[in-house]
Structures are given as structure tokens and as C-alpha cells.
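Worksheet: one structure, shown below.
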Ligand SMILES: Nc1ncnc2c1ncn2[C@@H]1O[C@H](COP(=O)(O)OP(=O)(O)OP(=O)(O)O)[C@@H](O)[C@H]1O
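In this note's numbering, the protein residues as written are 8 to 256.
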């Protein structure tokens, strides 16, 4: 639950002389599903890495009044900034509930594990409901579908009460139905949080984005609503190989 916005200004990230992100500025507000798109190597993940403290960046990334750049990763997490990675990072051999317990920082004794239902925290219950995983409480994460694993990761951020969710290609490898369910989930959770999605899937972006920033070679190429970005000739040029993907209804 947040009123604060994420405001990234003039972000620059350099890897041994190679400028991966160069003067990138964008903002994201609660209530919108914000997308960051661009071709391979455009710098999307690096932007998220910089905001979450995994790589060093210059410029500014503010959450409300708080500057994130320069802080350590765990301090950024404590400010309420959560992220997912392209590959789901859940504990496969643990159940959904155990994964959520760990995310909530809760230790569950073997006995209470047997009495799972009774011992579920309200925050976990709510995250399970929001992500549609209520029926999977005792399922080992390893046998969840690909989509469910991504939802579990999102649920883990929800139990941590993340104010900002930075999601790296959340629908990659998902079925059509899973994509739809994920888009609706993102709309629900964005009502009270900041949701920023890095994505390749143009159809998904078109269906669920409120505003979009297009990166190309480390710089902002275009920014605006889906309609504005799709109509931008520079975007169509960059996506020439996938121009149909940009313009299809
Ligand atoms: N740790 C690193 N060291 C050196 N170069 C890196 C590092 N991380 C990323 N890069 C380079 O920075 C550029 C941007 O990479 P990044 O992963 O941010 O792009 P992306 O837009 O997320 O691409 P993709 O859609 O393929 O994930 C690429 O040229 C990449 O090779």
C-alpha cells in the first residue's frame, strides 16, 4: 500500500566502459501497470538491477522521498522494493506455504506444518487468494505449473508487503490462459502498489499496460500510452523485424 511514486531520473549504468543504460528517466505510480519494453540488450533488466541495488548506477531512483541508488540491496528490500527474475526463484522442494513462510520471515515448526490451515497468517492467506494459489497450499513448489511458480513469486512479494514490484518477463513461457490470469493479477495488485513490468510480449503489453517506456541501446526511445508508443515511427523502426507485433490489433 503506497502513495509514493518511483521516479528514475538520468539513470546511467556502465560495465567496464560499456554504457548499458544511458540517461534513462521514467516514473511509475500506484494504480498503473507500467511497462518497460525494448529489444534484446536494450537495458531493461539493467534498469531494474540498478533500482534494486544489484548493479551500481548513477543518476537517481527515488521512491517517494527516499533515494534508492547507493543503498545496499537488503536496505532497498526493506524500503519495500521487491522484484522477480526471468527464472522463478522459489524453493522447489518446499510447499507453497513453506515458501511463503520464508518470504514472510516466519519459522514454522514441523508440528505447525502438519496443521497448515490453522497456522496460516492473514497476510499469507490474502496473498494466496490474490494470486489464486489457495488450493495449492501444500503443493511442493517444484510441481507447480510454470505460471503458478511466477504467481508464487509474486505472492512472496505480497507477503513481504512490497510497495514496488519489479517483474522481469513475468509471462515468458506461459500459456494463453496463464497470461490472461497474470495480466488480471497485475491489474489487481497495481491498485495499491507500483507495478513495473519488463516484457518482450507485445500482445501482453498492449492488453495490460497503462503507460510504456521503450528502451533501445540503453536509451529511452519513446514513452507514453500504448497507442502513443505504437504510433511512434521510431518504435516501429526498431521493431521492424517484429513490426507486425507492434501494430496488430
Ligand atoms: N554484468 C554485465 N556485464 C557486462 N555487460 C552486461 C552485464 N549485464 C548486462 N550487460 C549488457 O548490458 C546490455 C543491456 O543488458 P540487459 O540485460 O539490461 O538488456 P535487456 O533489455 O534486459 O535484454 P533482454 O531482453 O535480452 O533481457 C547488454 O548489452 C548486456 O550484454
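Virtual Cβ for every residue (Gly too), placed ideally from N, Cα, C.
- prompt: What residues in its chain sit with their C-beta under 6 Å from that of residue 152, if we drop five residues either side in the sequence?
  reply: Here residue 152 refers to the residue found at position 145 when the chain shown is read from its first residue. Counting only Cβ-Cβ distances below 6 Å, and skipping sequence neighbours, we find nothing.
(message) Under 8 Å: do the region 129-145 and the region 63-76 share three or more Cβ pairs, one atom per stretch?
(response) no
Kindly indicate the opening and closing residues of the alpha helix (DSSP H) around residue 112.
Your numbering for residue 112 matches position 105 in the chain shown. Taken as a continuous stretch (DSSP letters only), residue 112 belongs to no alpha helix (DSSP H), as it is neither H nor E.
At a cut of 8 Å, does the region 208-217 reach the region 8-20 through at least three beta carbon pairs? no
Closer than 6 Å: is that where the CB of residue 52 sits relative to any heavy atom of ligand 1?
Counted from its first residue, the chain shown places residue 52 at position 45. Because some heavy atom of ligand 1 lies under 6 Å away, the Cβ of residue 52 counts as near it: yes.
**Request:** Examine ligand 1 and report whether any of its heavy atoms sits within less than 6 Å of the Cβ of residue 106.
**Result:** Residue mapping note: residue 106 aligns to position 99 of the chain shown, counting from 1. Checking every heavy atom of ligand 1 against the Cβ of residue 106, none is found closer than 6 Å.
Beta strand (DSSP E) segment containing residue 32, residue limits: Locating residue 32 in the chain shown gives position 25, where the first residue counts as 1. Element bounds for residue 32: 25-35.
- prompt: So what's residue 178 in DSSP terms, helix, strand or just coil?
  reply: On the chain shown, residue 178 is found 171 positions in, with the first residue counted as 1. Collapsing the DSSP output to three states places residue 178 in coil.
- Message: Please state the DSSP three-state secondary structure of residue 80.
- Response: Here residue 80 refers to the residue found at position 73 when the chain shown is read from its first residue. Helix, per DSSP.
Subject >> Span separating the alpha-carbon of residue 199 from that of residue 105 >> reply: In the chain shown, the residue the question calls residue 199 occupies position 192. In the chain shown, the residue the question calls residue 105 occupies position 98. Using only the alpha carbons, I get a separation of about 26 Å.
Point to revise | Simplified DSSP state of residue 215, which is helix, strand or coil | key: Position 208 of the chain shown holds residue 215. Of the three classes helix, strand and coil, the one that applies to residue 215 here is helix, per DSSP.
What is the rounded straight-line gap between the Cα of residue 262 and the Cα of residue 205?
Since the first residue of the chain shown is 8 and the last is 256, residue 262 is not available in this structure.
| query | What residue does the beta strand (DSSP E) around residue 16 start on, and which one ends it? | reply | Along the chain shown, read from residue 1 onward, the residue named residue 16 stands at position 9. Counting along the chain, residue 16 sits inside the beta strand (DSSP E) bounded by residues 13-22.
Which residues bound the alpha helix (DSSP H) around residue 53? As a first step, residue 53 is located in the chain shown; it is residue number 46 there, counting from the start. Looking at the DSSP string, the run of the alpha helix (DSSP H) that includes residue 53 is 51-58.
### Task
Round the Cβ separation of residue 191 and residue 149 to the nearest angstrom and send it over; I've been treating them as touching at under 8 Å.
As a working mapping, residue 191 is identified with position 184 in the chain shown. As a working mapping, residue 149 is identified with position 142 in the chain shown. 26 Å between Cβ atoms; not a contact.
- Query: Which same chain residues, not among the five before or five after residue 245, have their C-beta less than 7 Å away from its C-beta?
  - Reply: Along the chain shown, one-based indexing puts residue 245 at 238. For residue 245, where only same-chain residues beyond five positions count, the Cβ hits under 7 Å are 46, 223 and 228.
- To the nearest angstrom, report how far apart residue 27 and residue 138 are at their CA atoms. Here the question's residue 27 lines up with position 20 in the chain shown. Here the question's residue 138 lines up with position 131 in the chain shown. Cα-Cα distance, rounded: 34 Å.
Check your understanding: Comparing alpha-carbon positions, which option in 16, 174, 214 and 165 lies nearest residue 29?
Key -> Translated into positions along the chain shown, residue 29 becomes position 22. Comparing Cα-Cα distances from residue 29 to each of 16, 174, 214 and 165, the minimum goes to 16.
Task: Cβ distance (whole Å) where residue 60 is taken to contact residue 85 below 8 Å - done: Numbered from its first residue, the chain shown carries residue 60 at position 53. Numbered from its first residue, the chain shown carries residue 85 at position 78. About 11 Å; that fails the 8 Å criterion.
Using a Cβ-Cβ cutoff of less than 7 Å, which residues in the same chain neighbour residue 214 once the five nearest sequence positions on both sides are dropped?
Locating residue 214 in the chain shown gives position 207, where the first residue counts as 1. Hits under 7 Å: 190.
For this session: Keeping to the same chain, check which residues put their C-beta closer than 6 Å to that of residue 239; ignore five residues upstream and five downstream.
Result: Residue mapping note: residue 239 aligns to position 232 of the chain shown, counting from 1. 229.
- [ ] Give a single yes or no on whether residue 45 has its beta carbon closer than 6 Å to a heavy atom of ligand 1.
- [x] Within the chain shown, residue 45 is the residue found at index 38, counting from 1. Yes; taking the cut-off as 6 Å, the Cβ of residue 45 has a heavy atom of ligand 1 nearer than that.
*Going by the CB atoms, is the gap between residue 217 and residue 40 shorter than 7 Å?*
Along the chain shown, read from residue 1 onward, the residue named residue 40 stands at position 33. Along the chain shown, read from residue 1 onward, the residue named residue 217 stands at position 210. Their beta carbons are under 7 Å apart, which means residue 40 touches residue 217 by this criterion.
Would you decide whether residue 234 is buried or exposed? Buried here means 16 or more other CB atoms lie within 10 Å of its CB. By one-based count along the chain shown, residue 234 stands at place 227. Residue 234 is exposed by the Cβ-count criterion.
Could you tell me which residues DSSP puts in a beta bridge with residue 230?
For the purposes of this step, residue 230 is taken as residue 223 along the chain shown, with counting starting at 1. The partner list for residue 230 (beta bridge, DSSP) reads 220.
Closer than 6 Å to a non-hydrogen atom of ligand 1 - does that hold for the CB of residue 49?
Your numbering for residue 49 matches position 42 in the chain shown. Yes - ligand 1 has a heavy atom lying nearer than 6 Å to the Cβ of residue 49.
Q.
My output table needs one value for residue 68: the three-state DSSP class, helix, strand or coil.
A. In the chain shown, residue 68 corresponds to position 61, counting from 1. Residue state, collapsed to three classes: strand.
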